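Its first residue numbered 24, the sequence shown is counted upward by one per residue in our numbering.
Backbone N, C-alpha and C fix where the C-beta goes; we use that ideal spot for every residue, glycine too.
The model shown is predicted, which means the values in this text are computed figures rather than measured ones.
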Amino acid sequence: MPKEGGVQVRLGRKLFWCFGFVVILPLHSTLAQVVNASDAEVARKKIAEARTALESLKGTASTLEATTRSMIAEVRSFPVEKIIVDADLAFQDGAFEDAATLYKEAVEYPSFRGQPGYFRALFRIGESLFQLGNLLSARTYFEQACEPAAGEFMTQSAARLFEICTRTKDFAPCERRLDLMDKLATPESLYALGKYLYARGSKEKAMEFFGRVPSGSVTFGRARYFMGVIAIGSNNLDGALQYFSEAATTNQKEESEVKALALLAMARVYFQKGQFEEALKKLKEIPPSASCFLESQIDMAWVYLRMNKENLAIQALDTVLMGTSSGPLALSAQALKGRILSRSKKESDAVRAFKEIAESLDPVVNDLDRLVNDPERMEKFFAWVTQRDSKFFEVTPPIGPTALKWLEDDEAVGQVMRTLSDVAKEKASLEEASEMADELLVTLRSEDILASFPAIKENYMRSKELENRVLDVALSAAKAMEAVLLGRLEGETLAQYQEAVSARKKAQEGFSKVPSDYDAMKKREKDSNESLKGVETEVFKVETMLERLRKEVVAMEQWLADARARRAEELTEEKEKEFMGQLEEEKKFLQESLESLKALKKDIDKARIGIAGKSVLLADDDRVRGDLWGALLKEASVLKEVGRVQGGTISSASEEAGSLIEECAKVAKQAQSSSSSLEALARDGAEEFERKARAERERISEMFAELKKLEMDARLIANKEGREVVQSAAQRIHDVLLEADVGLVDTACTKAQELHQRQEELSARVGRLETRIRTAEALLKPRGGEAVEQKKQEGVSQ
């Protein structure tokens, strides 16, 4: 029994363990069902939360779609009226650069051509550019607006066209439109045409157009003033007085300066005719606020001199000297004052005034003499005029600052210099516009088109943010099921699921590096830009060094100019040539370095555009998201298959998770559709912008060709008229210096004459004294003789 019992016990144990093993499995299964039921509920709860989040994101996707449709509709509808309104506001506020940009945006749309307001927009582009000083660019648009269909804007554009041709001395555009002459009738256009004809030497024809400007118009005074100038040239003084008188009667606010100039001109005519009281009367009518007031005071001093009122003349000259302490006007006043002081027996004051003039003008005369007598130096001077506004290199002029001031203040020389400067500014403006057009074309032709459209790019990035958030929802559902299923599945189903989870996790590694939201994307751009700061810092250091070198070169050039002006003995021709050679090498090195630096900056800008654009960063994000969606959809398919194979709560949770992931993918496709639409919008805009940029670059190329002609004309003017006007200015300075020298000589002669007169007076006094002495001797001589004779007689008698 015990043995048997023992066996039974052992057998029972085996059976127990055997059955226990069999029983344990169901017990374990029951326990697993409890655990899995609990996990499944957690998973289903997480899936429900994910679905709630997805519903919210669906609303965001709908809003994004609506915004995208609105942007597309706005672009396709082309609200030209809104653009014109914005342009008009900018124009009225004096924001001419913004106005020109907006008007150009309107006129460059083919559908706007020929519509009401088209020629008005063309004129306002030209006027905005004209106000900005871009005369050549403005001329292009004024020419386009010189069409009969433009109506009133044709005459306004023609007036500006003739004015620009007169100022730039490039008359070809006006010669192409001489047919407009008979069609111009507004005061502004008649005056502009008269000035154009005057500049071309057709003074009789100019008189005709000036004469047609009606009284009371804003250009009446200017037209009559020009007629007076023409009459002076014909020595018709009475006629000139009449025209100047009419110009002086204008009450237009815009013509206050013309009124003052007309009064000054009348005073000079009266002075020439010897009517000093009338001249003085007109000069006193010129207000102190007028730009010609100080000049009129010198005229007033001459009038007082002719009237023998030296004290009043000195008062007028003191007014000039209080108003300006340097420059041609002050020196002229000082020279005249010295002459008056000399005549007033104030020789010491006169000598001091004349010496100050001589000391001030001697370097100027030396500079201008060298300039006039050296054709190469003259050419360099006018080359400097065209380069002095360069942003890359600021060379010093081949003359001293005082001589330069004289030339700039001289009306004739100043006009030539302004013409050359205008050409240089136009060239710089065109070069800048050309660079901008090239950079825009580079950007538009690349994959970085979003960088050119900030508003589109922002919405594009918002769509990517939405897609990221939808991915997070899908991932939450996948992760919730992963915690439940990996310990439950077996066989082929388990292998498929493990493969799907592995692929998703691999793709998820890349997604973890993608910026999650808009702010993170912008921060990434900023951080990427920070990487360029090191290079930019080095560039800045190089710029600093080059700026220092530039200042050294300028200082050396200034030293040479000063040494020439003072005729330094140590500056021999060989030494000057040596210095100039060194300077040229330094300047060449500096220019090459600046060009290299400019190229480096351009490369940095291109890198920054790449960072801001789509191809470098955003495209990588799309690839990562695409891989992750592919893995998630495969996992969703496996989850739905698990739901069909498995039963119970796990089945429904698995199927629900798979459906949710697929639904997330659909919402993501909505976001992708919005971003694709935005990309297409940017691409269409890029094509349109590229068309405009190409047209702009073509227009710039044509303008460069015209500018080259204008530049050559300007150089011819500089070589011919420029030399003549500089010689004329130098002669005027010689006249002032001569007046000072003559004043010194006059003072010396006066002193010598006074000394001679005193000597003559002293000689006369001595002569008179000698006569008196001789008379006294004559009176004394007879008496002395009689006394001696008497003594003799007395001696004889004794």
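By the beta-carbon neighbour count (other beta carbons within 10 angstroms, threshold 16), Gln531 is buried. No beta strand (DSSP E) of 3 residues or more sits fully in the segment 465-526.
Going by beta carbons, Val507 and Lys81 fall outside the 7 angstroms limit. When the five nearest sequence neighbours on each side are left out, no beta carbon in the same chain lies closer than 7 angstroms to the beta carbon of Pro133. In the three-state DSSP reduction, Arg200 falls in the coil class, being neither helix nor strand.
By the CB criterion at 7 angstroms, Ala63 and Ala676 fall inside the cutoff. Here Asn389 carries a helix assignment [DSSP, helix/strand/coil]. Counting only the Cα atoms, Ile148 lies some 6 angstroms from Tyr126. Between Met330 and Phe299, the CB-CB gap stays under 7 angstroms. Boundaries for Tyr132: no alpha helix (DSSP H) harbours it, and the DSSP string shows neither H nor E there. Nearest C-alpha to Leu158 among Glu278, Ser444, Pro210: Ser444. In the structure shown, the three-state DSSP call for Ile148 is helix. Per DSSP, Lys228 is one residue of the alpha helix (DSSP H) stretching across 226-234. Straight through space, the alpha carbons of Ala622 and Gln167 are spaced by roughly 36 angstroms. The Cβ-Cβ distance between Ala283 and Ile309 falls below 7 angstroms.
The C-beta of Pro386 has 16 or more other C-beta atoms within 10 Å across all chains shown, which makes the residue buried.
With 16 or more other Cβ atoms from the protein chains shown falling within 10 Å of its own Cβ, Ala694 counts as buried. About 16 angstroms separates the beta carbons of Val537 and Cys687, which is beyond the 8 angstroms limit, so they are not a contact pair. For the 7 angstroms CB-CB criterion, Cys197 and Phe185 form a contact.
Nearest C-alpha to Ala71 among Ala501, Thr516, Arg511: Ala501.
Sequence-distant partners of Ser698 (beyond 5 residues in either direction) whose C-beta falls short of 7 angstroms from its own C-beta, in its chain, are Tyr483, Ser486, Lys487. Closest option to Val103, judged by alpha-carbon separation, among Glu128, Arg92, Ala89: Glu128. Taking all protein chains in view, the Cβ of Val108 is surrounded by fewer than 16 other Cβ atoms within 10 Å, so the residue is classified as exposed. In the three-state DSSP reduction, Val241 falls in the coil class, being neither helix nor strand.
Arg183 is the residue among Arg183, Arg492, Glu618 whose C-alpha sits nearest the C-alpha of Leu152. Pairing Glu685 with Ala96, the inter-Cα distance amounts to about 31 angstroms.
The DSSP-derived three-state label of Ser279 is helix. By the CB criterion at 7 angstroms, Thr91 and Leu701 fall inside the cutoff. For Ile422, there is no enclosing alpha helix (DSSP H), since its DSSP letter is neither H nor E. Taking the C-beta atoms as reference points, Met323 is found no nearer than 7 angstroms to Lys305.
Leu220 and Pro420 have their C-alpha atoms roughly 34 angstroms apart. Between Ala523 and Ala680 the beta-carbon gap is near 12 angstroms, outside 8 angstroms, which marks them as no contact. Per DSSP, Asn258 lies in no alpha helix (DSSP H) and is assigned neither H nor E.
For Leu340 and Ala222, the gap between their C-alpha atoms comes out near 34 angstroms.
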